[in-house]
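The block underneath contains the structure these notes are about, expressed in structure tokens.
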Ligand code: HEM
């Protein structure tokens with residue numbers, strides 16, 4: 019038989035079709051087996067009754083004021099339980115021993131699928147990305163927040179905190195007001211300066227659009243995560259949320275790109291000697307540009323997403339936790355007096371220096387206690403890339419694991435009088451018998467917060483500068499603070515305080 023070219027082509031096509039068919043069948047079979055395994059495993063766990071197709075999704079389709087109540091009440095199913103969000107299995111855990119296993123396991127370093135809803139705003143930056151690119155970028159960015167760098171940043175922490183305290187002058191003896199806009203704008207100026215390397219003028223009324231979207235973005239992301247019918251792209255793209263997302267994306271990306279362009283021009287001008295600066299190039303964006311120009315390890319898009327990720331991760335959190343801490347100090351005047359006495363002792367009337375930071379021990383306990391009661395990330399999720407063995411069971415590959423610090427931080431199993439604000443519980447002698455992972459406001463392990471030192475330092479200076487100058491009072495008590503969540507934990511009624519000058 020003569021083998022013609024067309025015969026040959028036919029044979030190749032048939033072979034290709036067979037190979038693709040075999041590969042497809044293998045993929046489908048593996049997927050089916052994985053699903054059967056997940057379903058069988060889920061049957062062994064306690065959890066709320068499920069509906070066909072949507073599972074428990076309706077329980078989460080609630081308002082942001084109800085989300086934490088829903089999650090807290092689900093935790094009554096025990097330290098490990100299951101929830102189905104449509105086709106996705108979530109195993110929720112609240113035991114610190116299980117946190118330790120998950121947070122230190124290389125098979126649990128992938129962020130859950132829902133983090134992809136953050137991508138329109140922060141791309142695949144450190145918070146939302148996973149895999150080898152994430153590991154490389156983390157290795158590059160983490161050392162950029164070292165002590166030597168923080169020594170340069172402290173000047174900006176002080177400068178903007180003092181501006182904030184001066185702005186509060188106009189609120190003295192005027193009655194109740196919300197302190198969050200003051201601390202949030204102060205934190206924004208600090209982060210603009212130290213992360214982007216550009217003058218922070220939010221407290222002077224600058225960057226209004228950016229600030230609006232920096233906050234609104236979390237509400238949009240949270241809504242999509244919680245409402246399972248908004249997950250498919252073909253539905254979401256028809257909604258008002260997508261239209262809003264586009265506007266926010268343009269503002270955020272436009273702002274970040276122009277900051278990068280300015281800094282790149284500055285970088286080249288300094289290289290050419292056309293510009294002279296007496297300041298070290300330590301702001302995160304400046305460090306990153308120098309690194310990328312030398313190594314070409316990130317493209318422009320990655321650089322943009324990483325820098326905005328660090329900006330928002332630092333700004334939203336430090337402003338919010340400072341407001342919570344001031345609210346709590348307003349409700350606990352004895353604690354506030356102790357903080358002020360320590361500040362008088364350690365700092366006097368000077369600026370807070372690097373050497374003074376570790377000496378502000380009581381203030382640190384106040385910040386930790388605030389983070390215990392109001393962990394900014396009330397829950398974090400990992401997707402397992404392999405089986406992981408806990409004490410009680412083996413979690414199967416492919417399931418999502420939700421850790422719930424909001425519940426663990428308030429559990430009577432690990433904390434005495436958990437609903438009370440008692441900073442002294444963080445004294446070394448009172449912490450000895452506590453499991454290390456019972457307090458995880460910054461997460462832990464390979465995906466822990468890279469800005470922990472920056473955060474504690476900047477918050478000590480924001481809170482310390484305000485408390486030195488003003489006596490704060492707040493009505494109500496811990497029990498009366500109503501909470502909502504839009505990724506972060508927030509107070510429904512704001513952070514209402516009154517201030518008078520300290521004598
Ligand atoms: C009170 C302040 C802060 C709190 C409570 C906090 C908390 C957290 C938590 C819980 C995570 C893990 C989130 C998850 O697994 O989904 C995280 C990650 C992260 N944080 Fe923070 N953070 C704070 C401040 C900061 C600051 C000041 C920066 C930067 C200067 C920063 C940068 C980051 C980054 C880049 C990640 C992602 C790390 C990774 O996955 O590799 N954070 N933070």
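Residue numbers (our numbering): 19 to 521. Using N, Cα and C, we set each Cβ at its ideal position, and we do this for glycine too.
In three-state DSSP terms, what is residue i?
i: residue 348; result: helix
i: residue 413; result: strand
i: residue 355; result: helix
i: residue 73; result: strand
i: residue 15; result: Not covered by the structure: residue 15. The range shown for the chain is 19 to 521.
i: residue 113; result: coil
i: residue 84; result: coil
i: residue 194; result: coil
i: residue 506; result: strand
i: residue 146; result: coil
i: residue 24; result: helix
i: residue 293; result: coil
i: residue 524; result: The shown model of the chain, from 19 to 521, leaves out residue 524, and the question about it has no answer.
i: residue 408; result: coil
i: residue 181; result: helix
i: residue 91; result: helix
i: residue 337; result: helix
i: residue 62; result: coil
i: residue 3; result: Because the chain here runs from 19 to 521, residue 3 falls outside it and cannot be looked at.
i: residue 521; result: coil
i: residue 201; result: helix
i: residue 394; result: coil
i: residue 39; result: helix
i: residue 123; result: coil
Looking at the ligand HEM, does it come within less than 8 Å of residue i, judged from the CB to the closest heavy atom?
i: residue 477; result: yes
i: residue 273; result: no
i: residue 240; result: no
i: residue 416; result: no
i: residue 9; result: Lying before the first or after the last residue shown, residue 9 is absent from the chain, which here runs from 19 to 521.
i: residue 402; result: no
i: residue 328; result: yes
i: residue 351; result: no
i: residue 461; result: yes
i: residue 422; result: no
i: residue 339; result: yes
i: residue 527; result: No answer is possible for residue 527: it lies beyond the span of the chain, which begins at 19 and ends at 521.
i: residue 283; result: no
i: residue 395; result: yes
i: residue 129; result: yes
i: residue 465; result: yes
i: residue 331; result: yes
i: residue 398; result: yes
i: residue 156; result: yes
i: residue 39; result: no
i: residue 470; result: yes
i: residue 425; result: no
i: residue 152; result: yes
i: residue 143; result: yes
i: residue 210; result: no
i: residue 389; result: yes
Per DSSP, which one or two residues make a beta bridge with residue i?
i: residue 400; result: 129, 419
i: residue 29; result: Residue 29 is not bridged to any residue.
i: residue 108; result: 101, 418
i: residue 516; result: 491
i: residue 501; result: 509
Counting only the same chain and skipping the five closest in sequence on each side, list residues whose C-beta sits under 7 Å from that of residue i.
i: residue 72; result: 104, 246
i: residue 175; result: 208, 475, 476, 479
i: residue 495; result: 349
i: residue 189; result: 195, 517
Spatial neighbours of residue i within its chain, please: CB distance less than 8 Å, with the 5 preceding and 5 following residues excluded, ordered by chain position.
i: residue 402; result: 125, 126, 128, 413, 414, 415, 416, 417, 418, 419
i: residue 399; result: 108, 129, 130, 132, 133, 418, 419, 420, 421
i: residue 253; result: 247
i: residue 339; result: 385, 388, 389, 392, 394, 473, 477
i: residue 467; result: 331, 460, 461, 473
Under 8 Å: does the beta carbon of residue i sit that close to some heavy atom of the ligand MG?
i: residue 473; result: Absent from the structure shown: the ligand MG. Ligands present: the ligand HEM.
Please list, in chain order, all residues of the same chain as residue i whose beta carbon is under 6 Å from its beta carbon, the five residues on each side excluded.
i: residue 392; result: 342, 507
i: residue 102; result: 68, 73, 74
i: residue 453; result: 114
i: residue 60; result: 100, 107
i: residue 116; result: 408
As an exercise, report each continuous alpha helix (DSSP H) stretch of at least 4 residues that is fully enclosed by the stretch 415 to 494, in chain order.
423 to 426, 446 to 449, 470 to 487
Residue ranges of each beta strand (DSSP E) within the stretch 242 to 273, 3 or longer:
none
Runs of beta strand (DSSP E) lying entirely within the stretch 299 to 325, each at least 3 residues, in chain order
none
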